[in-house]
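A.B. asks: To start, I am sharing the structure in question, which I have written as structure tokens.
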Amino acid sequence: MNAETVAAVPPAVQLEGITKRFPGVVANHDVSLTVDAGTVHAIVGENGAGKSTLMKILYGMQKPDEGTIRVNGEEVAFRTPSDAIAVGIGMVHQHFMLADNFTVLENIVLGAEPGTAGVLDKAGARRRINELAERHGLRVDPDRLVEDLGVGDRQRVEILKVLYRGARILILDEPTAVLVPQEVDELFDNLRELKAGGLTVIFISHKLDEVLSIADAITVIRRGTTVAGVDPAGTTARQLAELMVGNELPTPETRESTVTDTVMLKVSGLTLEAQGGRRLLDEVSFEIRKGEIVGIAGVEGNGQSELIEAIMGIRQARGGLTLGAEDISAWPTLRRREAGIGYIPEDRHRQGLLLEASLWENRVLGHQTRPPARRGFWINRRVSRADTQRIVEAYDVRTPGVDTLALALSGGNQQKLIVGREMSGEPKVLIAAHPTRGVDVGAQAAIWEHLRNARAAGLAVLLISADLDELIGLSDTLYVIYRGRLAARLDPSGVTPERLGGYMTGAITGTEEA
Amino acid sequence: ACGGSGSGGETTASTAPSADSSSAPAGGALKVGLAFDIGGRGDKSFNDAAYAGLEKAKAELGAEIKELSPASDGSNRGELLTQLADAGYNPIIGVGFAYGEDIKKAAEEYPEIQFAVVDSASNATNVTGLLFAEEQGSYLAGVAAALKAESGHVGFVGGVENDLIKKFQAGFEAGVKSVKSDAKIDVTYLTPDGDFTGFRAPDKGKVAAEKMYQDGAEIVYHASGDSGLGVFQAAAAAKKKAIGVDSDQRQTVKETNLQEVIMTSMLKRVDVGVFEFVKAFQGGAKGGTDVIYDLKVDGVGLSTTGGEIDDIADKIEAAQKDIVDGKITVPTKP
Amino acid sequence: MPAGLFRALLTVAGAVAAIVLAIGISSVAIVAVGASPADAFAAFLNFGATEKAVSTSIADMLNRAVTLFIAGLAVAIGFRMNLFNIGVEGQYRIAAICAAFVGSTFVAPAPIQITVIIIVAAAAGGLYALIPAVMKVTRGVNEVISTIMLNYIAINLAAFLVRGPFAGERAEGQLTTSTPVLPESAWFPNVNALLEMFGLPAPRGDGLWGFLIVAILLGVGIWLVLERTRFGFEVKASGLNAPAALASGVDPKRMVISAMVLSGAVAGLIGLPEILGDEHAFGSNFTPGLGFLGIAVALLGRNKPAGIAVAALLFGFLDRAQGPLQFADVPPSVITIMQGTIVLLVVIANEITSRIALRREERRAAQALGRNTPVEVAA
Amino acid sequence: MTRTRKYHLALVGVAAAILLVALIRLITGADEITSSGTFAAALMLAVPIGLAGLGGLWAERAGVVNIGLEGMMVLGTWFAGWAGYQWGPYAALVAGLLAGAIGGLIHAIATVTFGVDHIISGVAINLLGPGVTRFLSEVLYKEGSPANQAGAGITTSPAMSSAAPELSLPLLSDGPDWLGSLESTRWFLIGDVAGILRGLTHNVNVLVILAVLMLPLTFFVLWHTSFGLRLRSAGENPWAAESLGVNVYRIKYIAVVISGAFAGLGGVFLVFVSTKYVEGQTAGRGFIGLAAMIFGNWRPGGLAAGAALFGYADGLQLRSQGAITSFLLLGAILLLIYLGVRARRADGLSALTVKDYTAMGAAVVGAAVLFWLWLTVDRLPNEFVFITPHVLTLLVLLVASQRLRMPKADGVRYRRGEQH
Ligand SMILES: Nc1ncnc2c1ncn2[C@@H]1O[C@H](COP(=O)(O)OP(=O)(O)OP(=O)(O)O)[C@@H](O)[C@H]1O
Ligand SMILES: Nc1ncnc2c1ncn2[C@@H]1O[C@H](COP(=O)(O)OP(=O)(O)OP(=O)(O)O)[C@@H](O)[C@H]1O
Ligand SMILES: [Mg+2]
Ligand SMILES: [Mg+2]
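Chains as they are written, first to last, in my numbering: chain A, 45 to 558; chain B, 5 to 338; chain C, 964 to 1342; chain D, 4 to 423.
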């Protein structure tokens, strides 16, 4: 930013010539970054560009191979996060770092426990947390178990963790990935307050409009190096994206409707109760026709996961499920898959992949009972390999070969493999949950393209996503799920992300017919 | 017949075949091999007694000796025998009834070698069975216990519930009843057959004995290996008496407070058995028979260390005489 | 070099290094006793003076390896899908006594008789393993503790059966209890011929157990099932990532039941080499503890049949030296120490080597992604 | 459910249990069920299991599965015996503790530093423990060694130079021994309670007291100190802990070493009871301890209950094989109670599903069979008596295990900076 301020106060963070090599990968190469005190500084870049790594270095979780770190002008060398915490740096990680079986309080104080002679002072901690929460408008009940919290609350807990340690420099790695607009706005309000309080925020996101709305300065990273420092004032999302990837930013737009009137999947009165009798799914009913993409919008934790798992037969729910003409409500998962339901899970590492297995074995996963993967009760290795090769080429999965272990691939490439797998064997219905989450723009475009083509070929798709542009752009029909019931049925062509967010958070009620 | 081992062609040690030099092993040093049972040497009991006999043979007969212990799971008893045989040892002794089958096989493999097995009957022409009449010794222990226990309430703690230990129980019970037909005898086993931890569980022995003493038992006889330790402790705590087994435990147990509670011990002279066998072998004796070590040849008996049973020595003598004369036949099964 | 080959070579290298280290450690122990390591290791290699002795020793070693191999297989099947079947110990005991008894109740031509016995053993083992499996899928009972409990129960049950319902009649004064002796037709013919092929005389005693053949076939079969079939794939998937397996249509309950039962069925065979080839009955001398050793063998062999075979041979080789070591006046417990250290060190080596292999994998992946210049890779 | 309510429920449960047992005692006349002797024995047999269980708890709460407890316990027994005969019980205590801790250290090095599968490492240690101790015995206790003169053999150490002191509650269970006299009255309930209390307070070994104190201590440390919070975080989500500057490696090391020390302590206790090391005296208690810990849902209270159950069943079984049969009656009664509860919960027969019917039917049959057995069988074959504790454990697990929850990252290989 402008020179005077720099001269006045030393920059909060100053990274110079940071290089970090992982086996075979150079995550960061001679990165330089200057963050002025009391500003919100955004870092953007495609998947695997090296953002998280850079931040982990700044937070003392990774040691740089080369380069110097200055905090408030002082040169520092971190051995562990505690060193970073000591100089007032705090980090909210890309993936939640919470112990589910602990209370909010325990999660927050962990590592910085108050008390005398090692004995935990819970009352004191509770007071401090409540007071912090008040000051920054981050409401959470310190005594609840984290596993009972929604993503929004969890995000707040993460930020409280950092504030609790009196951090003056906050690192937020993709904090908005799982939030809806309203929650994002809340978060940004919080950030502005923090900024007003003189704190410095480093902010990573793939959502460029957000970046532009909150950031005072932006640094673009590509392939591990800083390619540009940008002033948000005079920049558009597209320009940013081009800086990131060097190509046009695609937007999901369904061309002419391919919806037929043969119903492919019919869900009627689907209901699922939790132990306490609380309804996770409440009389959910809808239809998906051949060549139709039905989108489901909703804040995470409102029943999306339960819905898709019920449709896949992973959870047992009451209610009707018909595929084409057949009632499949009593079928086990396997039979449903065999009948032609494809499944892109929301968490690829948890439900989608065998990380320690080769790519071709991951291709077989879910198809182990069908040709080409299966011959009699044998697994057909040769054909499976060949077919995996096909996917690798068709979906541009970047890998040395089909015998590579899945965990060696970047998340984006892992995702492409999964999409390719689920598309093969001509599914009749595809359940796609966050098909492009954490995937960079290039890969995003490719995956959208594949969805569109399949749709044109008559595939019925149930799309669940936190990316509202994706939802609006791809869906033919859009439902909003709120507290386990379908709160509204909307026409994608006539709805803005903001209004959609209103429905998702229950701010707007009542349905409107398309 | 003695020891209930009525199998044909048996002799008793007293009338063991006298040496006839012609069949003595041609010159050559005397190399005696011995294979222990699980636990091996240093168990302060059975195995050590056998080893004592072996050392006696070394000292008095100038034998060259080698003793082997099996793996802790006893999976390689047979291997030990062949290894001893291949190393040129003759005779070879297996300690413990577990060797019965393996000795038989080895004997067929090496007809030229003489074998002996402790606690198991001869099952080949070149195998000598060294059998002990534990029930007879236990009978005397029972007599002593009954005579000493005014209330007529005694107990028996068995380590592992197998037939060998049941021989002890049977003899003991018979002995007690012979004195006091209305006597009360508590019996407890620590583990079932096949679970040998019962011989190494002093705490369990203690619990079992404690109960007996609390119920009024005055003397408890144990056949439970190292678990006996617990029995002695219980006795000491209850200021009552106990009877040891196999060796003279009043000597082998070093704790003075425990020595005092060991009224007597039922001696099982495996050492005698081993030594006599080697001696007989040197004398040219051939196998194919069982040698019964019973009261008649002092193969079993009661220890008198501490002199606690001297006052009833005559009654014990009488019982012993009746058994030797065959007036009394002691059962081998409870 | 193809990733697979590279990984294999690395593993072998690691294992060798580990074993050398283990030998070093036990040498220290041996020196501590005042014996010379040289003698000790001579004892390990001393298979006897005469040819006959040598072939006997080899037979002993192989016979031991056979049982350990089967035990390892049984354990591995469960471990493959993170199903910790600690209950192999109990399963093989129950199976052995049932098979021994049933086999003694009838006489049929050898092939039929032996087949029936094997089937009974497998069935009994499988059924006994079914108990913890059902407890797990219906009531979510942790299999580690249920199988530990069932081991104790099995020991007692066997003791009861062998002295009660299944007891055979015994010679006067015989103190060992056992099931009725099997008819000749159930005695598994030995395969001393194998040794004779190498110009060795027939070993003494029962010679080389014919069950060796069964074990080999079993090993190949298990390998095929685990590595090549749909079932094997589902086992692997469940082991690597249960939620993913579930999401892809693998029924976890079915998997737990079938894997556990298969494991138990294989466990059922552990006792047979001894019973069919040597003792011809289940009795007081029946070898205990193979189930626990099986765990060590399986883990040493990385739950893969080939590896398990090697591990079993190694253990057999070490166990055989029980006698020779004592001839060399070295405490035989050195064997157990070696086995323990080898297991520990080999798995540590495995960890290190597989990490190296993984890094290499990632490097190649990253190169394919073309994110880095050669210079930096060199760095 | 709040902690206090849990606590009250527990109290009520215990009271109900005592009442029930007293009732059984009255009906069956099997006095051993509540005699002080039985409870003394139960306590003695439960302590080593409980200590092993605590060992398991400390390790697994920090995310390290420890089936090497048995091996560590064996080390504990040997070194306790070895130090005990030379320098007395306190040296034995220290030596056994250290030996176990070293076993734990090996486990920590393998699992934490090298990321070896926890089960493998544990199995290896279970091989090493007996191997090393046997080796040491063969070296130090062989014929002619000084120890051998002092009464050692390959399978036993010499006796401890002096026994560990034992304590009693003055007046109540000592001297006038009021509890004792109360017990001997055998009045319903009063006699029973007196017997139980006396059993737990008469001539109690100091180590028992120490061991029992370890339970609340463990609870306090793990749930009410910052160290405990960090330790448990290593078992729930080590990466979160790492990201907050907690040194997870160090925590895990400490936890596993302590775990080993507890196992060693269990070994020491066995030696105190037998006054010397006896080869194989652990007899699988390490595994039982682990079972008790899982049984107790990875919590000190629960594992105490598990250990107590084992100790009690084992002690009763050793003292009076006959009394065991009265458990058949107990089982029958429990089934009937279950039946009643289930029937009341289901409002009206209409609401009952097939599942309910089958369950209740099974309960009825079970109760009938057990009752019939109790009437007819007067003495079970010993083999069936011996397995009482194990069968009981299985039964309890069948009923309760749904509620078990193990630490999220238990048994997971943790490497710094490699979360996925
Ligand atoms: N711990 C690690 N070990 C090996 N390689 C790593 C490690 N962490 C990151 N990498 C490599 O460094 C590259 C940069 O990773 P990083 O997580 O920083 O990307 P990113 O910019 O955060 O991507 P995303 O936007 O998806 O979060 C990755 O592509 C990966 O190849
Ligand atoms: N700790 C690690 N060890 C090894 N590889 C790692 C590690 N962290 C990240 N990677 C690898 O770096 C590559 C990219 O990492 P990164 O997390 O940036 O990808 P991503 O697109 O964000 O995937 P995800 O969304 O699942 O995090 C992937 O191969 C990932 O497996
Ligand atoms: Mg990132
Ligand atoms: Mg990422």
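Every residue gets a Cβ at the ideal spot worked out from N, C-alpha and C, and that includes glycine.
So, at 6 Å on beta carbons, what are the nonlocal neighbours of Ala91 (chain B) in its own chain, with the 5 sequence-adjacent residues on each side left out?
C.D. replies: Once the five neighbours on either side are set aside, Ala91 (chain B) has no close Cβ partner at all.
A.B. asks: Can you give, in chain order, each stretch of the alpha helix (DSSP H) that sits fully within the stretch 211-270 of chain D and has at least 4 residues?
C.D. replies: As far as the stretch 211-270 of chain D is concerned, its whole alpha helix (DSSP H) runs of at least 4 residues are 229-239, 241-246.
A.B. asks: Quick one: list the residues of chain D neighbouring Ile87 (chain A), beta-carbon separation under 7 Å, in chain order.
C.D. replies: In chain order: nothing, as chain D lies at least about 19 Å away.
A.B. asks: Considering just the uninterrupted stretch of the alpha helix (DSSP H) at Pro1074 (chain C), what are its terminal residues?
C.D. replies: Looking at the DSSP string, the run of the alpha helix (DSSP H) that includes Pro1074 (chain C) is 1073-1102.
A.B. asks: If we define contact as Cβ-Cβ less than 8 Å, is Pro1146 (chain C) a contact residue for chain B?
C.D. replies: For Pro1146 (chain C), the answer is no, since every Cβ of chain B falls outside 8 Å of its Cβ.
A.B. asks: Note down, in chain order, all residues in the stretch 970-999 of chain C with a beta-carbon under 9 Å from any beta-carbon belonging to chain D.
C.D. replies: Cβ contacts with chain D: Ala992, Ala995, Val996, Gly997.
A.B. asks: Check whether the Cβ atoms of Leu495 (chain A) and Val338 (chain A) lie closer than 8 Å to each other.
C.D. replies: The answer is no: Cβ separation not under 8 Å.
A.B. asks: Okay, do the stretch 57-75 of chain A and the stretch 180-200 of chain A touch, 3+ Cβ pairs below 8 Å being the bar?
C.D. replies: At 8 Å Cβ cutoff, the stretches do not touch.
A.B. asks: Name the residues in the stretch 109-120 of chain D whose C-beta lies less than 8 Å from a C-beta of chain C; which are they?
C.D. replies: Within the stretch 109-120 of chain D, the residues whose Cβ lies closer than 8 Å to some Cβ of chain C are Ile109, Ala113, Phe117, Gly118, Val119, Asp120, listed in chain order.
A.B. asks: For Ile327 (chain D), which residues in the same chain have their Cβ closer than 7 Å to its Cβ, ignoring the five residues on either side in sequence?
C.D. replies: Leu319, Gln320, Leu383, Val388, Thr391.
A.B. asks: Is the distance from the Cβ of Phe1047 (chain C) to the Cβ of Val1107 (chain C) below 8 Å?
C.D. replies: Yes, these two residues count as a Cβ contact at 8 Å.
A.B. asks: Check whether chain B comes within 8 Å of Met4 (chain D), counting only Cβ atoms and requiring the distance to be less than that.
C.D. replies: Confidence at Met4 (chain D) is low in this model, with a pLDDT of 48, below 50, so its placement is unreliable and the value that follows should be read with caution. Met4 (chain D) does not count as touching chain B.
A.B. asks: Any Cβ of chain C within less than 8 Å of the Cβ of Ala120 (chain B)?
C.D. replies: Chain C contact via Cβ: absent.
A.B. asks: Within 10 angstroms of its Cβ, does Asp197 (chain A) collect 16 or more other Cβ (buried), or is it exposed?
C.D. replies: Classification of Asp197 (chain A): buried, given that the 10 Å Cβ count is 16 or more.
A.B. asks: Where do the ends of the beta strand (DSSP E) carrying His121 (chain D) lie?
C.D. replies: Where His121 (chain D) is concerned, there is no enclosing beta strand (DSSP E), although the alpha helix (DSSP H) it sits in stretches over 121-143.
A.B. asks: What residue does the alpha helix (DSSP H) around Ser1221 (chain C) start on, and which one ends it?
C.D. replies: First-last of the alpha helix (DSSP H) with Ser1221 (chain C): 1215-1231.
A.B. asks: Using 8 Å as the threshold, is the C-beta distance between Ile1145 (chain C) and Gly1066 (chain C) below it?
C.D. replies: Contrary to the premise, residue 1145 (chain C) reads as Leu rather than Ile in this sequence. Yes, the Cβ-Cβ distance between Leu1145 (chain C) and Gly1066 (chain C) is below 8 Å.
A.B. asks: Could you check what DSSP says for Asn72 (chain A) in three-state terms: helix, strand or coil?
C.D. replies: Strand at Asn72 (chain A).
A.B. asks: In three-state terms, what does DSSP make of Pro196 (chain B)?
C.D. replies: Pro196 (chain B) falls in the strand class under three-state DSSP.
A.B. asks: Identify which residue in A:Leu324, A:Gln58, A:Arg533, A:Asn116 has its Cα closest to the Cα of Thr78 (chain A).
C.D. replies: Among A:Leu324, A:Gln58, A:Arg533, A:Asn116, the Cα nearest to that of Thr78 (chain A) belongs to A:Gln58.
A.B. asks: Do we get a CB-CB distance below 8 Å when we pair Ala1247 (chain C) with the residues of chain B?
C.D. replies: Before going further, note that residue 1247 (chain C) is Ser rather than Ala in the sequence given. Chain B, which has a Cβ nearer than 8 Å to the Cβ of Ser1247 (chain C), makes this yes.
A.B. asks: Anything in the stretch 1312-1327 of chain C with a Cβ closer than 8 Å to a Cβ of chain A? List those residues in chain order, please.
C.D. replies: Listed by position, the residues of the stretch 1312-1327 of chain C near chain A (Cβ gap below 8 Å) are Leu1321, Arg1322, Arg1323, Glu1324, Glu1325, Arg1326, Arg1327.
A.B. asks: Give the secondary structure of Ala531 (chain A) by DSSP, where H, G and I count as helix, E and B as strand, and everything else as coil.
C.D. replies: Reduced to three states, the DSSP call for Ala531 (chain A) is strand.
A.B. asks: With distance defined between alpha-carbon atoms, name the residue in B:Arg254, B:Ala284, B:Ile69, B:Val164 nearest to Gly229 (chain B).
C.D. replies: Comparing Cα-Cα distances from Gly229 (chain B) to each of B:Arg254, B:Ala284, B:Ile69, B:Val164, the minimum goes to B:Val164.
A.B. asks: In whole angstroms, what separates the C-alpha of Glu300 (chain A) from that of Leu534 (chain A)?
C.D. replies: C-alpha separation (whole angstroms): 18 Å.
A.B. asks: Determine, for Phe203 (chain B), whether the minimum Cβ-Cβ distance to residues of chain C falls below 8 Å.
C.D. replies: Not an interface residue.
A.B. asks: Quick one: give me the first and last residue of the beta strand (DSSP E) that Glu214 (chain B) is part of.
C.D. replies: Looking at the DSSP string, Glu214 (chain B) is not in any beta strand (DSSP E); the run it does join, the alpha helix (DSSP H), is 206-218.
A.B. asks: In angstroms with no decimal places, state the Cα-to-Cα distance between His137 (chain A) and Lys310 (chain A).
C.D. replies: Each residue's alpha carbon lies about 39 Å from the other.
A.B. asks: So what's Ile552 (chain A) in DSSP terms, helix, strand or just coil?
C.D. replies: In this structure, Ile552 (chain A) counts as coil in the three-state DSSP scheme.
A.B. asks: Three or more C-beta pairs closer than 8 Å, one from the stretch 448-461 of chain A and one from the stretch 1220-1228 of chain C: is that the case here?
C.D. replies: The stretch 448-461 of chain A is not in contact with the stretch 1220-1228 of chain C.
A.B. asks: Throw me the rounded Cβ distance for the Trp377 (chain D) and Ala335 (chain D) pair, which I believe falls under 8 Å.
C.D. replies: Indeed, because the Cβ distance is near 7 Å, the residues count as touching under 8 Å.
A.B. asks: Helix, strand or coil: which one does DSSP assign to His1243 (chain C)?
C.D. replies: Coil at His1243 (chain C), not helix or strand.
A.B. asks: Report yes if the CB atom of Gly132 (chain A) is closer than 8 Å to the CB atom of Gly194 (chain A), and no otherwise.
C.D. replies: No, the Cβ-Cβ distance between Gly132 (chain A) and Gly194 (chain A) is not below 8 Å.
A.B. asks: Kindly identify the DSSP beta-bridge partner or partners of Leu47 (chain D).
C.D. replies: What sits at residue 47 (chain D) in the sequence shown is Met, not Leu. In DSSP, Met47 (chain D) forms no bridge with anything.
A.B. asks: Return the residue from the list C:Gly1212, C:Ile1179, C:Val1273, C:Gly1173 that minimises the CA-CA distance to Ile1238 (chain C).
C.D. replies: Per the Cα distances, C:Gly1173.
A.B. asks: Asn80 (chain B) CB to nearest chain C CB: under 8 Å?
C.D. replies: Yes, because at least one Cβ of chain C sits closer than 8 Å to the Cβ of Asn80 (chain B).
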